[in-house]
Amino acid sequence: MHYTPAKKILFIRLAAILLMTLAIFILMQMAGNPLWIEHYYSGGLYVFICRVLHPVLNIFPFSVGDVLYIAVVGYLIYKAVGLFKLVLKKQFKTAGIWLLGVVIGVQLGMLAFYLFWGLNYFRPSAAQRLHLQDTSFTTANLQAVTKLLIDSANATRARVTIADLAQSNHDIYQKAVNAVSSLSADSVNFRSYHPGVKPSLLTPLLNYIGTSGYYNPFTSEAQINYQMPVFNRPFVACHEMSHQMGYGAEDEADFAGFIVAVQSHDRLLRYSAYHLAVSEFMYSLARRDTVAFKRLKAQISKQVHLDYVTEHKYWLSYENKLNAITSIFYDNFLKANNQPQGLETYNRMVLLVMAWERKHWEP
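In this text, residue positions in the sequence shown follow numbering that gives the first Met the number 0: the first is 0, and each later residue adds one.
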């Protein structure tokens, strides 16, 4: 049977789609076994990926992942224009073959996402790995730890100097990297391989979608919004590098970033972590006991309070409809990747910190 070139391309692309559909199905079946993921992926293949990608991409001072995203978007726009022209010329068969190519591209992206990092979403939870399953606590427990965090934030902020706040992004990022490396050397649960963090080339866009940083799963790079308030940057750097450690869920990355930061000796880094933690704990307390919330809010120092005002004004200045749209998209993305509470997952950091406090801080 004789096939025209167009038919050959059609059959090849359909076969490729079927094969990749099968590959994705097999991958998702594996994702249903957390212990398998932990042993063979998070503790095996992913470690190899980190050892290869991190030292190579750390050579570049800019985000290779951002360049990749920009190139992909540019290519898609170029091809979309071509598709539009094909439709206008009524070349529907050629347009259909092109659309099959798009499907293949999406499938390749999905496979790359899960193989390079995304399977970490399906490993046993940090609560299980760190033996922090007992996340129950009373309102009195929550008040006590919230007060401890407020006191720590107040004291640490009082020691932060003008020079600390004026340091370059490079210095801030390097101190965060040093903190990650230090804890990594002491704890297998916070192991990191050649950690690194970079300013995102897409920072102007990140501002308008309300994002302080993001992790690129394809290049294993931690990217930071370099324009947000300086006291936010150190913790966000630790949060994104926690994703490099294999902490997939956002509450787990917040928790790991918090542990890294508070065990550092750097004033701004420690304050950045306490600043975030107070915000999260006060949010949880307000939902349980408004009287206790108001009482503890009054104990937040003037300097810390002004930082919250600065942070709020910064993000408010960029608030727009795009922010709301991306929030809906990201909420559903998290729900599709083993985080059923979506964006609310971020606030679940409180559960892990409370369990950690019970295990490590109580006499």
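All residues carry an ideal CB built from backbone N, CA and C; glycine is no exception.
None of the values given here were measured: they were computed from a predicted structure.
Taking C-beta separations shorter than 8 Å and ignoring five residues to either side along the sequence, the partners of Phe112 in its chain run Pro216 and Phe217, following chain order.
Boundaries of the beta strand (DSSP E) around Pro198: Val196 to Pro198. Distance from the CA of Lys296 to the CA of Ile58, rounded to the nearest whole angstrom, comes to 45 Å. Apart from the 5 residues on each side of it in sequence, Ile103 sits with its Cβ closer than 8 Å to the Cβ of Arg12, Ala15, Ile16 and Met19 in its chain, given in chain order.
Taking the C-beta atoms as reference points, Ala125 is found nearer than 8 Å to Phe254. Taking one beta carbon from each stretch, the stretch 24-37 and the stretch 202-210 have fewer than 3 pairs nearer than 8 Å; the two do not touch. Contact annotation: Ala178 and Ser263 have beta-carbon atoms nearer than 8 Å. DSSP, read as helix, strand or coil, puts Glu220 in strand. By the neighbour-count definition (other C-beta atoms within 10 Å, threshold 16), Gly256 is a buried residue. For Gly212, the enclosing beta strand (DSSP E) covers residues Gly212 to Asn215. In this structure, Ala221 sits near Glu239, with a CB-CB distance shorter than 8 Å. In this structure Leu131 touches Trp355 by the C-beta definition: roughly 6 Å separates them, less than 8 Å. Between the stretch 162-169 and the stretch 179-197, the count of C-beta pairs closer than 8 Å stays below three; the two stretches do not touch. Its Cα nearest to that of Gln173, the residue Val235 stands out among Trp314, Val235 and Asp288. Ile299 is the residue among Arg286, Ile299, Phe292 and Arg294 whose C-alpha sits nearest the C-alpha of His274.
If you check the CB distance, Ser219 and Ile8 do not come in under 8 Å.
Remark: C-beta atoms of Phe230 and Leu267 approach each other more closely than 8 Å. Taken through DSSP and simplified to helix, strand or coil, Gly256 comes out as helix. Taking the C-beta atoms as reference points, Phe121 is found no nearer than 8 Å to Ala184.
Straight-line spacing of the CA atoms in Leu82 and Lys89 works out to 10 Å.
For Met109, the enclosing alpha helix (DSSP H) has its first and last residue at Phe91 to Phe115.
In its chain, beyond the 5 residues on either side, no residue has a beta carbon closer than 6 Å to the beta carbon of Phe10. Here DSSP, grouped into helix, strand and coil, assigns Ile58 to coil. Per DSSP, reduced to three states, the secondary structure at Ile48 is helical. If you check the CB distance, Leu118 and Tyr40 come in under 8 Å. Rounded to the nearest whole angstrom, the CA to CA distance from Pro60 to Lys197 is 7 Å. In this structure, the beta-carbon distance from Ile23 to Gln106 falls below 8 Å. Distance check between Leu350 and each of Phe136, Gly43 and Val277 places Phe136 closest, using alpha-carbon atoms only. Contact annotation, Ile223 with Gly209: C-beta distance approximately 15 Å; criterion of less than 8 Å not satisfied.
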